[in-house]
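What follows is a single structure, written as structure tokens, with notes after it.
Protein chains: 2
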Amino acid sequence: MKTIGIIGGGQLGKMTILEARKMSIPTIVLTTEHPSPASEISNDYIVGDLYDDEKILELANKCDVVTYEIEHINVKILKEIENQGKKVYPSSNVIEIIQDKSKQKKLLNNYNIPTSYWEYVDKNNLKIQIEKFGFPVVQKSCTGGYDGKGVFILKSKDDIKNIIKEESYFEKYIKCKKELAIMIARNTNGEIKTYPVVEMAFDEKTNICDTVIVPAQISKEIGEKAKKIAIECIKALDGIGIFGIEFFLTEDDEILVNEIAPRPHNSGHYTIEACTTSQYEQFLRAILNYPLGDTTLLSNACMINILGEDGYHGKTKIKNEEEVFKLPKTYLHIYGKRETRPFRKMGHITVLNKDINKAISNAKAAREKLKIISDSLG
Amino acid sequence: MKTIGIIGGGQLGKMTILEARKMSIPTIVLTTEHPSPASEISNDYIVGDLYDDEKILELANKCDVVTYEIEHINVKILKEIENQGKKVYPSSNVIEIIQDKSKQKKLLNNYNIPTSYWEYVDKNNLKIQIEKFGFPVVQKSCTGGYDGKGVFILKSKDDIKNIIKEESYFEKYIKCKKELAIMIARNTNGEIKTYPVVEMAFDEKTNICDTVIVPAQISKEIGEKAKKIAIECIKALDGIGIFGIEFFLTEDDEILVNEIAPRPHNSGHYTIEACTTSQYEQFLRAILNYPLGDTTLLSNACMINILGEDGYHGKTKIKNEEEVFKLPKTYLHIYGKRETRPFRKMGHITVLNKDINKAISNAKAAREKLKIISDSLG
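Listed in order, the protein sequences are those of chains A and B.
Heads up: the first sequence begins at 1 in my numbering, then just goes up one per residue.
Heads up: the second sequence begins at 1001 in my numbering, then just goes up one per residue.
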């Protein structure tokens, strides 16, 4: 079987490799440290900076298909690998567009895919520009944003002095009913499969996607519309692999694309237990150009992130995991990160239940019990 | 979390460790070779003979709970480990009984659990003894039997000269309607969970369990009876861990216990995709004394073994795996054994389908396409 090279050693790589191991598909990981969640179960690994061109070339030389579990990587070196005739999925063109959120928006707008209204920040004309948007207004860095970083919400004139300095754009603040997401896969034959529309809830403190409810509690029409837009997105990108498409559902039931992740996504973790084919197996199928798998939802589900407890830095300690096992149809995922930090993504829990409210309450109960701490407060 | 030490580096260890990795439960494997299916994904491994007492003690020293994925191990050293205060699950008492099929039978008979009628082979009285049983009669080695080895069926007087020489017993040949099996788990608190009754079909050529059909196509009464007997078995054994109980269903709808496997079992592979909790996660829960998981069957299923193609010895090559991905709800498991041999267990395929006949035909279609071969015929 073909060997897959993965740039990044985190949990998305790990969960991909767990699926690959099931089928004995060989993997090799470029990781900044070993052991890491992904490198400790891959067939081989290279320790190095994820921006180190030589290390990426070394990885490419050792595998048949290059992919990545993070989007902050050097596009130039991916292009070089492609020019050498090696497959990179999603392609360098896709990641180039995704990395710069303004390019993402431009592409989507060119294809008439709805997004919130936006404009590049014009530093020479700041006041007039902001007046046009009104408060609150969202400012986003073109590049480098992640899990709430690179996003600044200006609530009043007082915030103007604190605006993001690097290249950025203003975006209309969307008062949304819900944030939705869809996982969608496309293989090199152009076959496309969408997963159910899910609903995301974000932690107010950390702005990290916190809880995923499946299926989203929305009308059938809105669900179909979201799926249609997701398909348009992946076609516009000419994307091969698996993608998480995030949406705003506005108060007027408009669906706007917020952003696109070119990889397995937090909002798709639930697929491991709740769908016929997990997002990770689907990812492998897509980039190895196998037929895509069935995406039927087998059960309603709630996924909740397990973050490092506030106040704790240092060697990871897991507390009260037995409490999680007491809850029905509750699945514990611990990523195996050796060091915990406040709000670091350390694991997740998925709960299945016919009754979505029970799934949510059980997931919350599990998270309240389970603690990721370290020996000493730090 | 507690570290689990596993004696054996094969596919049962591998699939257990895949579940352990999900939760970052640390594992260490004693394996005769590395890489092996289990040792290449465990946190640590020891290379050594599985009968080497020193290596087993080394394993025990490095973990909190000792278990095994094969039953042919030295009981004495397990007793020594237990005497040192370390947990061994299933306990040395259990494995001691299981290893000697005549002891297994005796125990079951003591608890009035039905088995086929049997007698120790009396070499001084062979002819009279065989006459009593009549032909065909089954002869089984007390110890060392596995996947059809250690079993001899005497069809006529001509076979008497070829009987098994080591300690053995005769067993009444059961003309059975079906062979059934149940996975059953029990934790240290005495909590018990049973899985659905499955139906096993054996390959005539190799006598290896070949196809598992879930649920068994039997009446509800027979299913309930089999479950009741399985519970009696695990209680009689005082077993902690997960057990595969194999049954004969006679033409008179009697249920006889054939034998007991004190570990995850081929007939339970289907649980990975078809049940809420897989046999592997259940195994971990049982030996770590967590509450046991829900065993609900989510879909009808058929599991089929993938054996090394006849005629091929050497470095494993997988052919036509893409054909498997074309089939709906079909899951490919390749164990990652580096060397193939004729009829060696190299993987399995599970197919889910509401319609059990479709599951069976898709599983057979998958197996017809997929071939495990090597570069050269050998």
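For every residue, glycine included, the Cβ atom is placed at its ideal position computed from N, Cα and C.
Because the structure is a prediction, the values reported are computed rather than measured.
**Prompt:** Just how far apart, CA to CA, sit glutamate 1131 of chain B and lysine 1022 of chain B?
**Reply:** As a working note, residue 1131 of chain B is residue 131 in the second sequence. As a working note, residue 1022 of chain B is residue 22 in the second sequence. The straight-line gap from Cα to Cα measures roughly 56 Å.
**Request:** Would you list the residues sitting across from isoleucine 1182 of chain B in a DSSP beta bridge?
**Result:** Residue mapping note: residue 1182 of chain B aligns to position 182 of the second sequence, counting from 1. According to DSSP, which records beta bridges pairwise, isoleucine 1182 of chain B is partnered with B/Ile1245.
**Item:** Contact set between the stretch 1278-1298 of chain B and chain A, restricted to residues whose Cβ is under 9 Å from the partner
**Value:** Glu1281, Arg1285, Leu1288, Asn1289, Tyr1290, Pro1291, Leu1292, Gly1293, Asp1294, Thr1296, Leu1298
**Message:** I want to see whether chain A comes within less than 9 Å of phenylalanine 1247 of chain B, judged by CB atoms only; does it?
**Reply:** On the second sequence, position 247 is the one that residue 1247 of chain B refers to. Output row for phenylalanine 1247 of chain B: interface = no.
**Asked** So glutamate 119 of chain A and glutamine 104 of chain A are in contact, right, with Cβ under 8 Å, and what is the actual spacing, rounded?
**Response** Here residue 119 of chain A corresponds to residue number 119 of the first sequence, with the count starting at 1. Here residue 104 of chain A corresponds to residue number 104 of the first sequence, with the count starting at 1. The distance from the Cβ of glutamate 119 of chain A to that of glutamine 104 of chain A is about 15 Å, inconsistent with a contact at the 8 Å cut-off.
**Asked** Closer than 8 Å: is that where the CB of isoleucine 1128 of chain B sits relative to any heavy atom of the ligand GDP?
**Response** This structure does not include the ligand GDP; it has no bound ligands of any sort.
**Asked** Taking one C-beta from the stretch 314-327 of chain A and one from the stretch 274-293 of chain A each time, how about it: are there three or more such pairs within less than 8 Å?
**Response** no
**Message:** I'd like to check one pair, tyrosine 1068 of chain B with arginine 1263 of chain B: are the Cβ atoms closer than 9 Å?
**Reply:** As a first step, residue 1263 of chain B must be located in the second sequence, where it is residue number 263. As a first step, residue 1068 of chain B must be located in the second sequence, where it is residue number 68. Yes, the Cβ-Cβ distance between arginine 1263 of chain B and tyrosine 1068 of chain B is below 9 Å.
**Endpoints, the beta strand (DSSP E) within which lysine 1317 of chain B is located** = Here residue 1317 of chain B refers to the residue found at position 317 when the second sequence is read from its first residue. 1314-1319 is the extent of the beta strand (DSSP E) around lysine 1317 of chain B.
**Item:** Residues that histidine 333 of chain A contacts on chain B, provided the C-beta gap is smaller than 9 Å
**Value:** To locate residue 333 of chain A, count along the first sequence from 1; it is residue 333. Going along chain B in sequence order, the residues near histidine 333 of chain A (Cβ under 9 Å) are Lys1022, Met1023, Ser1024.
**Interface positions of the stretch 155-184 of chain A facing chain B (Cβ-Cβ less than 8 Å), listed along the chain** = none
**Request:** Go ahead and label isoleucine 1025 of chain B buried or exposed: buried means 16 or more other beta carbons lie within 10 angstroms of its beta carbon, across all protein chains shown.
**Result:** Walking along the second sequence from the start, residue 1025 of chain B turns up at place 25. Looking at its Cβ environment, which holds 16 or more other Cβ atoms inside 10 Å, isoleucine 1025 of chain B is buried.
**Asked** Going by the CB atoms, is the gap between glutamine 217 of chain A and isoleucine 372 of chain A shorter than 9 Å?
**Response** As a position in the first sequence, residue 372 of chain A is number 372, starting the count at 1. As a position in the first sequence, residue 217 of chain A is number 217, starting the count at 1. No, the Cβ-Cβ distance between isoleucine 372 of chain A and glutamine 217 of chain A is not below 9 Å.
**Alpha carbon of tyrosine 1364 of chain B to alpha carbon of isoleucine 1304 of chain B, nearest angstrom** = Locating residue 1364 of chain B in the second sequence gives position 364, where the first residue counts as 1. Locating residue 1304 of chain B in the second sequence gives position 304, where the first residue counts as 1. One point to set straight first is that residue 1364 of chain B is lysine, not tyrosine, in the sequence displayed. Taking the straight line from one Cα to the other gives about 7 Å.
**Message:** I need the boundaries of the alpha helix (DSSP H) containing aspartate 1044 of chain B, first residue and last residue.
**Reply:** Walking along the second sequence from the start, residue 1044 of chain B turns up at place 44. Unbroken run through aspartate 1044 of chain B is the beta strand (DSSP E), 1044-1047; no alpha helix (DSSP H).
**Prompt:** Is methionine 1 of chain A closer than 9 Å to histidine 269 of chain A when the C-beta atoms are compared?
**Reply:** The residue you call residue 269 of chain A lines up with position 269 of the first sequence. The residue you call residue 1 of chain A lines up with position 1 of the first sequence. Going by C-beta atoms, histidine 269 of chain A is not nearer than 9 Å to methionine 1 of chain A.
**Asked** So does the stretch 170-179 of chain A actually touch the stretch 272-285 of chain A, counting three or more Cβ pairs closer than 8 Å?
**Response** no
**Message:** Give me the residue from B/Asp1375, B/Arg1367, B/Thr1340 with the minimum Cα distance to serine 1036 of chain B.
**Reply:** By one-based count along the second sequence, residue 1036 of chain B stands at place 36. When only C-alpha atoms are compared, the closest one is B/Thr1340.
**Message:** Whole angstroms are fine: how far does the CA of proline 1215 of chain B sit from the CA of proline 1196 of chain B?
**Reply:** Reading the second sequence from its first residue, position 196 is the one you call residue 1196 of chain B. Reading the second sequence from its first residue, position 215 is the one you call residue 1215 of chain B. Cα-Cα distance, rounded: 6 Å.
**Prompt:** When you compare each of B/Tyr1331, B/Glu1309, B/Leu1107 to alanine 1359 of chain B by their alpha carbons, which one comes out closest?
**Reply:** Looking up residue 1359 of chain B in the second sequence gives position 359. Closest option to alanine 1359 of chain B, Cα to Cα, is B/Tyr1331.
**Asked** Which residues of chain B have a Cβ atom closer than 7 Å to the Cβ of proline 90 of chain A, listed in chain order?
**Response** As a first step, residue 90 of chain A must be located in the first sequence, where it is residue number 90. Taking the beta carbon of proline 90 of chain A as reference, no residue of chain B falls within 7 Å; the closest one sits roughly 20 Å away.
**Asked** Is it buried or exposed for tyrosine 51 of chain A, if we count other Cβ within 10 angstroms and need 16 for buried?
**Response** Taking the first residue of the first sequence as position 1, residue 51 of chain A is located at position 51. Tyrosine 51 of chain A comes out exposed.
**Request:** At 9 Å on the CB atoms, spell out the chain B contacts of lysine 329 of chain A, in chain order.
**Result:** In the first sequence, counting from the first residue as 1, residue 329 of chain A sits at position 329. By Cβ distance, chain B contributes Thr1276, Thr1277, Gly1293, Asp1294, Thr1296.
**Request:** Under 7 Å Cβ to Cβ from aspartate 1252 of chain B, same chain only, skipping five residues before and after it: list those, please.
**Result:** For the purposes of this step, residue 1252 of chain B is taken as the residue at position 252 of the second sequence. The answer is none, since no qualifying residue turns up.
**Prompt:** For a contact meaning CB atoms closer than 9 Å, what does methionine 1 of chain A contact in chain B?
**Reply:** Reading the first sequence from its first residue, position 1 is the one you call residue 1 of chain A. Here the neighbours are Ile1318, Glu1321, Ile1334.
**Three-state secondary structure (DSSP) of aspartate 1253 of chain B** = Here residue 1253 of chain B is taken as the residue at index 253 of the second sequence, counted from 1. Here aspartate 1253 of chain B sits in coil by DSSP.
**Prompt:** Can at least three beta-carbon pairs, one atom from the stretch 1083-1096 of chain B and one from the stretch 1228-1246 of chain B, be found at a separation below 8 Å?
**Reply:** Counting C-beta pairs with one atom in each stretch, the stretch 1083-1096 of chain B and the stretch 1228-1246 of chain B have three or more that are closer than 8 Å, which means they touch.
**Asked** Just checking my contact of isoleucine 192 of chain A with isoleucine 231 of chain A at CB under 8 Å: how many whole Å lie between their CB atoms?
**Response** Sequence index remark: in the first sequence, residue 192 of chain A carries index 192 (1-based). Sequence index remark: in the first sequence, residue 231 of chain A carries index 231 (1-based). Contact flag correct, Cβ pair sits at about 6 Å.
**Asked** Which residues of chain A have a Cβ atom closer than 9 Å to the Cβ of isoleucine 1004 of chain B, listed in chain order?
**Response** Taking the first residue of the second sequence as 1, we reach residue 1004 of chain B at position 4. Simply none; closest approach about 14 Å.
**Request:** Find the nearest neighbour of valine 6 of chain A within the set A/His34, A/Cys63, A/Glu33, judged by alpha-carbon distance.
**Result:** Taking the first residue of the first sequence as position 1, residue 6 of chain A is located at position 6. Contrary to the premise, residue 6 of chain A reads as isoleucine rather than valine in this sequence. When each option's Cα is compared against that of isoleucine 6 of chain A, the closest is A/Cys63.
**Prompt:** Does the beta-carbon distance from glutamate 1167 of chain B to valine 1121 of chain B come in below 9 Å?
**Reply:** Along the second sequence, one-based indexing puts residue 1167 of chain B at 167. Along the second sequence, one-based indexing puts residue 1121 of chain B at 121. In this structure, valine 1121 of chain B lies closer than 9 Å to glutamate 1167 of chain B by Cβ.
**Message:** Let me see if you follow: with CB-CB separation under 9 Å, is glutamate 80 of chain A close to chain B or not?
**Reply:** The sequence position of residue 80 of chain A within the first sequence is 80, counting from 1. No, glutamate 80 of chain A lies away from the interface with chain B (no Cβ there is under 9 Å from its Cβ).
**Asked** Which chain B residues are close to lysine 326 of chain A, counting only those with a beta carbon under 7 Å from its beta carbon?
**Response** Residue mapping note: residue 326 of chain A aligns to position 326 of the first sequence, counting from 1. Correct list: Pro1291.
**Asked** Applying a beta-carbon distance threshold of less than 8 Å, which residues of chain A neighbour leucine 1018 of chain B?
**Response** As a first step, residue 1018 of chain B is located in the second sequence; it is residue number 18 there, counting from the start. What leucine 1018 of chain B touches in chain A: Leu18, Arg21, Lys22.
**Prompt:** In three-state DSSP terms, what is glutamate 131 of chain A?
**Reply:** Position 131 of the first sequence, counting from 1, holds the residue named residue 131 of chain A. It is helical.
**Asked** Out of curiosity, what's the CA-to-CA distance linking phenylalanine 133 of chain A and glutamate 171 of chain A?
**Response** Start at 1 with the first residue of the first sequence, and residue 133 of chain A comes out as number 133. Start at 1 with the first residue of the first sequence, and residue 171 of chain A comes out as number 171. In this structure, the straight-line span from the alpha carbon of phenylalanine 133 of chain A to that of glutamate 171 of chain A is close to 8 Å.
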